[in-house]
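Enquirer: Sharing a structure here in structure tokens format.
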Amino acid sequence: MSTALVVDTHTHTTTMLPRVAAAAYHSVLRGRPPDVGLGDVREGGVDAVVAKAVGDPIVTRWHLRSPFQAVQNQLSAIEDEAVQASARLVDSAATVRATAADGQLALLLGLEGADCVGEDLGLLAQLAAEGVRVIVPVHLGDNQIGTTCLPWQNYVGPLPVRRQTVGLTDFGAEFVVTANRLGVVIDGSHADEPTLLGIIEHSSAPVICSHAGARAVSSFDRYLSDAAIRAVAGTGGVIGLWPYFMRGKGTPTLDAVAAHARHIADLVGAEHLCLGTDMNGVPGLADGYRSEKDVPLIAKALSAAGLSEPEVDGIMGGNFLRVLEAVAG
């Protein structure tokens, strides 16, 4: 049995939304996967998670604070939940490994949607100083950094959306360069292809897409073209396997998740894959996968798809740790 570390590069905690908003969300989406507390994560053999606050209006407006303060509230709540779960906050690959060796869950702070910083790079520096190590610049709406591949309105129906010019903005280029300098991993998930390629052009460090897939395997705006996959791999980055499925989009089964892995591995090598489950962040999941307790089933599906044990070990954690070490130490 493998002793390699398992890292989930994209999760949320149960405290992302204030209680009233969370109750309303749960009421509307009655069939959504159950909430998973940080205390339950280790049951699936997971050694480390990147727990992300959400910084775009789809979440921050519910906190009735400024967008940046809403993110501060979320980060504080994540830290509180980590303490209750006996998890340890970490900020580097070395501290992930040391924490796992002590038998504790390692927790890296992240941010999904950098709308909250406006055009103030000082706020980006503050987040980095507070331990945020992974940032998704663009989430479910266009912002000051770039444009999204799928606005939130298109998840619920063909609603009209006013869009800005696609691609990375001038400020977005400054954001990427500054994040590199601060040791923050840039996560291009949710960015459209022009924005993602702009991020890659301006980044001197590996770029990741923590929860994505291959458009050649399944047609979904959230997935990456082969050209984008090659571009991410060209930075030394990784692309996360994402067991999302809702309304016919995504991966209906774990075999489908493995099919994305197989395509990406054949295209650029298995060393450019990682795991990003979107724990507590999606309304639907692949059949056979309900929570972090089922993470070993993903590894099993990868093995059944013909990936070797060293390749599976890398996908489940080692590849992301390589990137984290290159960017943050």
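Just so you know, the working numbering puts 125 at position 111 of the sequence shown, and the rest follows in order with no gaps. Backbone N, C-alpha and C define an ideal beta-carbon position, used for all residues, glycine too.
Hey, G254 and T23: beta-carbon distance below 8 Å or not?
Expert: Cβ distance < 8 Å, so G254 and T23 count as in contact.
Enquirer: When the Cβ atoms of the stretch 303-315 are set against those of the stretch 261-272, are three or more pairs found closer than 8 Å?
Expert: Touching, yes, given that three or more Cβ pairs across the two stretches are closer than 8 Å.
Enquirer: Using the Cβ count rule (16 or more neighbours within 10 Å means buried), how would you classify T74?
Expert: It counts as buried.
Enquirer: Does the Cβ-Cβ distance between L338 and A107 come in under 8 Å?
Expert: Yes. Within cutoff.
Enquirer: Do L19 and L299 have their beta-carbon atoms positioned less than 8 Å apart in this structure?
Expert: No.
Enquirer: With distances taken Cα to Cα, identify the nearest neighbour of R46 among Y303, G127 and G251.
Expert: When only C-alpha atoms are compared, the closest one is Y303.
Enquirer: Applying the 10 Å Cβ sphere with the 16-neighbour rule, what's the burial state of L238?
Expert: With 16 or more Cβ atoms within 10 Å of its Cβ, L238 is classed as buried.
Enquirer: Along the chain, where does the beta strand (DSSP E) that runs through G254 open and close?
Expert: Per DSSP, G254 belongs to the beta strand (DSSP E) from I253 to L255.
Enquirer: By how many angstroms is the C-alpha of A67 removed from the C-alpha of P297?
Expert: One C-alpha to the other measures close to 17 Å.
Enquirer: Have a look at A315, V104 and V198 and flag the residue whose alpha-carbon is nearest the alpha-carbon of A128.
Expert: Per the Cα distances, V198.
Enquirer: Do you know how far the Cα of D292 is from the Cα of R102?
Expert: Near 20 Å, if we compare the C-alpha coordinates of D292 and R102.
Enquirer: Rounded to a whole number of angstroms, what is the C-alpha to C-alpha distance between G132 and G124?
Expert: If I take the Cα positions, the gap works out to 17 Å.
Enquirer: Quick check on DSSP: helix, strand or coil for L154?
Expert: Coil, per DSSP.
Enquirer: So, with DSSP's three-state summary, where would you put H286?
Expert: Three-state result, H286: helix.
Enquirer: Need the endpoints of the alpha helix (DSSP H) that H216 sits in, please.
Expert: Counting along the chain, the alpha helix (DSSP H) containing H216 begins and ends at E207 to H216.
Enquirer: Which one or two residues does DSSP pair with M260 in a beta bridge?
Expert: In DSSP, M260 forms a bridge with K263.
Enquirer: From M30 to V85, what does the alpha carbon distance come to, in whole angstroms?
Expert: So the two alpha carbons sit approximately 9 Å from each other.
Enquirer: Looking at H204 and V282, is the spacing between their C-beta atoms short of 8 Å?
Expert: Cβ distance not < 8 Å, so V282 and H204 don't count as in contact.
Enquirer: State the Cα-Cα distance for the pair L211 and P324, rounded to the nearest angstrom.
Expert: Their Cα atoms are separated by approximately 30 Å.
Enquirer: Counting beta carbon pairs with one atom in the stretch 183-190 and one in the stretch 227-243, are three or more of them shorter than 8 Å?
Expert: Too few Cβ pairs lie closer than 8 Å, so no.
Enquirer: Can you name, in chain order, every residue of its own chain whose Cβ lies under 7 Å from the Cβ of V326, other than the five neighbours on each side?
Expert: Excluding positions up to five away in sequence, the list reads A313, L316 and S317.
Enquirer: Under DSSP, the beta strand (DSSP E) around V180 begins and ends at which residues?
Expert: Here V180 belongs to no beta strand (DSSP E), and DSSP marks it neither H nor E.
Enquirer: Which runs of the beta strand (DSSP E) spanning at least 3 residues fall entirely within the stretch 18-100, listed in chain order?
Expert: DSSP runs (the beta strand (DSSP E)) wholly in the stretch 18-100: 21-25 and 62-68.
Enquirer: Would DSSP call S224 helix, strand or coil?
Expert: Here S224 sits in strand by DSSP.
Enquirer: Taking its Cβ as the centre, do 16 or more other Cβ atoms sit within 10 Å of S366, making it buried, or is it exposed?
Expert: The question about residue 366 has no answer, for the chain in this structure spans 15 to 343.
Enquirer: Under the three-state reduction of DSSP, which class applies to I14: helix, strand or coil?
Expert: The structure shown does not extend to residue 14, since the chain spans only 15 to 343, so no value can be given for it.
Enquirer: Short of 6 Å in beta carbon distance, which residues of its chain neighbour A65, apart from the five on each side in sequence? Order them along the chain.
Expert: Closer than 6 Å at the Cβ level, and outside the excluded window around A65, lie T25, T27, I92 and L121.
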